[in-house]
Amino acid sequence: MGDTVTLSSQELQDAAKQHLWLHFTRMSTYNKGDVPVIVRGSGPYVYDDKGKRYLDGLAGLFVSMVGHGRTELAEAASKQASELAYFPLWSYAHPAAVQLAAKLAELAPGDLNRVFFTTSGSEAVESAWKLAKAYFKLKGEWSRYKVISREWAYHGTSMGALAVTGLSSIKPDFEPLPPGGVRVPNTNFYRAPSFVASSEEEFGVWAADEIERAILREDPSSVAAVFLEPVQNSGGCFTPPPGYFQRVRSICDKYGVLLVSDEVICAFGRLGYYFGSERYGYQPDIITFAKGATSGYSPLGGMIVRDELMEPFLTGNATFLHGITFAGHPVSAAVALANLNVFEHDNILGNVRANEAGFRATLDKLRDLPIVGDVRGAGYFYGIELVKDKNTKETFDDDESERLLRGFLSGALFDAGLICRADDRGDPVIQLAPPLICTQEHFDEMEQILRSVLTEAWSKI
Ligand SMILES: Cc1ncc(COP(=O)(O)O)c(C=O)c1O
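Here the sequence shown stands for residues 25 to 485, where the numbers follow our numbering.
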């Protein structure tokens, strides 16, 4: 097969159907329908092989922060590849990784000063759990290995990251998973238990205290880390109640447990700050990142670690026996530096902060639709929960969800020119996380498409 650019639409379809395995995708869907083929992008829009334009309401997959088609990022990749295309971080350094590590240490909150690169978010989460275990062993706390995370939270697909993940529906095919994953409630205030449903603060105290109860139940000396996203993606953008993270931080301190802020989605401007923990004012022990670090122009992930966690590894023959061939790849590191330059030059964080209220207000207009139960989120990151009955908050059963989300909504939104995610891994939600360069005209476009497609969806129930 030759250069992809020379393939006709039909040839692309045939080859995709015969040879390409799409991720998290029911491949049988394409026995009849076409595989969507996206060929290029510009700003917040992408175009398919037939030239049709789509508003990229999910920034690819929470990735394309500065938008598509930024030639300065492509040029940074080209320049680095010409100079030094590859060298590992196993015993060697290269300037792009050194500069990027220093830059991230400068941007990250408090004494998060040490960067361990990976190529993806799953590897970042996997690395953070491995580091937590290895760190405690070095300190003589041999029995600490468990990880606490929240119901429905997605933390990745490798075996360790999957064990941290709180979505029970995606695990059974791969069991047994590494032991030690412990679940606590998430912060979905829309569905708060009745005894704390009248006050978000009280709900937050309860949800944080559930972490303490889990630590005590499991035996504090067995718990290594708590993994939390600043705003939980899966289930539909669960924001932290006021004071939640401060309480979690003090619970972690009380029992000597590490707090890992999984910012694979929430870092690099998604919430209007370089890091989500900054927005909510808490100090993690480890931040995991990926996705937006390069705006997707090259893959990169990693973890940023507090000085204290690094310390035991700085003496004698102590070694973190962990590494990944392509982690901190020179091209990806150079692209990440160029991406951060664009952030500064174009005031990307300022754009999110200036426009997030307008984005929210525009989506809030959809609340007049009978199918819209809740609109929640922060920054450029929103979830719209769909319900059968607004008054009772009754959700759709599995069959209805299947018909509504997979059978209709996903396809209809795409056909109408909006890429977003209709997700039923918790209660049914539509997720929006557009490039951070979007402005009011793009929010209006999203609202109009959603209004028309959700109105049609309601008529089909
Ligand atoms: C919070 C979180 N952690 C980890 C991951 C895994 O990242 P990756 O797909 O790059 O392995 C994701 C992916 O969406 C994520 O949202």
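All C-beta atoms in this analysis are idealised placements derived from N, C-alpha and C, irrespective of residue type, glycine included.
Between which two residues does the alpha helix (DSSP H) containing Met183 stretch? Looking at the DSSP string, the run of the alpha helix (DSSP H) that includes Met183 is Met183 to Val188.
Pull up the CB-CB distance for Arg94 and Val366, whole angstroms please, since I reckon it's below 8 Å. Your pair Arg94 and Val366 checks out as a contact, with CB atoms roughly 7 Å apart and the cut at 8 Å.
Chain B contact for Ser102 (CB, 7 Å cutoff): Judged by its chain identifiers, the structure shown contains no chain B, having just a single protein chain.
Tell me where the alpha helix (DSSP H) around Tyr304 begins and ends. First-last of the alpha helix (DSSP H) with Tyr304: Gly300 to Tyr304.
For ligand 1, is there a heavy atom less than 6 Å away from the beta-carbon of His92? In this structure, His92 has its beta carbon at no less than 6 Å from each heavy atom of ligand 1.
At the level of alpha carbons, what is the spacing between Pro203 and Ala187? Whole-angstrom Cα-Cα distance: 7 Å.
Find out if the Cβ-Cβ distance for the pair Gly190, Ser173 is shorter than 7 Å. Yes. Within cutoff.
Take Ala109 and list the residues in its own chain whose beta-carbon comes closer than 8 Å to its own, dropping the five residues that flank it on each side. Excluding positions up to five away in sequence, the list reads Pro354 and Val355.
For Ala132, the three-state DSSP class (helix, strand or coil): Here DSSP, grouped into helix, strand and coil, assigns Ala132 to coil.
Proximity below 7 Å, CB of Leu283 to CB of Ala402: Taking the C-beta atoms as reference points, Ala402 is found no nearer than 7 Å to Leu283.
Given Gly184, which residues of its chain have a CB within under 6 Å of its CB, disregarding the five upstream and five downstream residues? Sequence-distant Cβ neighbours of Gly184 in its own chain, meaning closer than 6 Å and more than five residues away, are Glu150, Trp153 and Pro202.
Please state whether the Cβ-Cβ distance between Val281 and Val329 is less than 7 Å. Taking C-beta atoms as the reference points, Val281 and Val329 fail to come closer than 7 Å.
State yes or no: is the C-beta of Leu333 within less than 7 Å of the C-beta of Tyr159? Contact flag set, yes.
Is the beta carbon of Ala314 sitting closer than 7 Å to the one on Phe292? No; because the gap between Cβ atoms is not below 7 Å, this pair is not in contact.
How big is the Cα-Cα spacing for Phe405 and Ile62? When rounded, the distance between both Cα atoms is 23 Å.
For Val376, collect the residues of the same chain with a Cβ closer than 6 Å to its Cβ; drop the 5 residues on either side in sequence, then sort them by chain order. Taken in chain order, the residues that qualify are Gly293, Gly296, Gly403, Tyr404 and Leu460.
When the Cα atoms are used, what is the spatial distance from Arg237 to Val247? Answer to the nearest angstrom: the Cα atoms are 12 Å apart.
Assign Ala40 to one of three DSSP states: helix, strand, or coil. It is helical.
Are the CB atoms of Leu393 and Leu478 nearer to each other than 7 Å? Closer than 7 Å, so yes.
Keeping to the same chain, check which residues put their C-beta closer than 6 Å to that of Tyr214; ignore five residues upstream and five downstream. So the qualifying residues of the chain are Asp398.
Any non-hydrogen atom of ligand 1 closer than 6 Å to Asp286 Cβ: True, at least one ligand heavy atom lies under 6 Å from that Cβ.
Just to confirm, does Gly145 get its C-beta within under 6 Å of one of the non-hydrogen atoms of ligand 1? The answer is yes for Gly145.
Which first and last residues belong to the alpha helix (DSSP H) in which Met334 is found? Met334 -> alpha helix (DSSP H) spans Asp331 to Met334.
Could you tell me whether any non-hydrogen atom of ligand 1 is closer than 6 Å to the CB of Glu253? Result yes, Cβ under 6 Å from ligand 1.
Reducing DSSP to helix, strand and coil, say where Phe48 ends up. Phe48 falls in the coil class under three-state DSSP.
Does at least one heavy atom of ligand 1 sit under 6 Å from the Cβ of His353? Checking the Cβ of His353 against ligand 1 gives no.
Run the proximity test for Glu150: is its beta-carbon closer than 6 Å to any non-hydrogen atom belonging to ligand 3? You won't find ligand 3 in this model; what it holds is ligand 1.
Measuring straight from C-alpha to C-alpha, what distance separates Trp482 and Val122? Looking at the two C-alpha atoms, the distance is approximately 53 Å.
Is it the case that the Cβ atoms of Glu253 and Asp286 are separated by a distance below 7 Å? If you check the CB distance, Glu253 and Asp286 come in under 7 Å.
Report yes if the C-beta of His179 is less than 6 Å from at least one heavy atom of ligand 1; otherwise report no. Yes, Cβ of His179 sits closer than 6 Å to a heavy atom of ligand 1.
Could you check whether the Cβ of Asn257 sits closer than 6 Å to any heavy atom belonging to ligand 1? Ligand 1 approaches Asn257 closely enough that one of its heavy atoms is under 6 Å from the residue's Cβ.
Coarse secondary structure for Tyr69, derived from DSSP in three states: Correct three-state label for Tyr69: strand.
Boundaries of the beta strand (DSSP E) in which Ala251 is found, first to last residue: Reading off the sequence, residue 251 comes out as Phe, not Ala. For Phe251, the uninterrupted beta strand (DSSP E) segment begins and ends at Val247 to Leu252.
C-beta contact flag for Trp176 and Gly300 at 7 Å: In this structure, Gly300 does not lie closer than 7 Å to Trp176 by Cβ.
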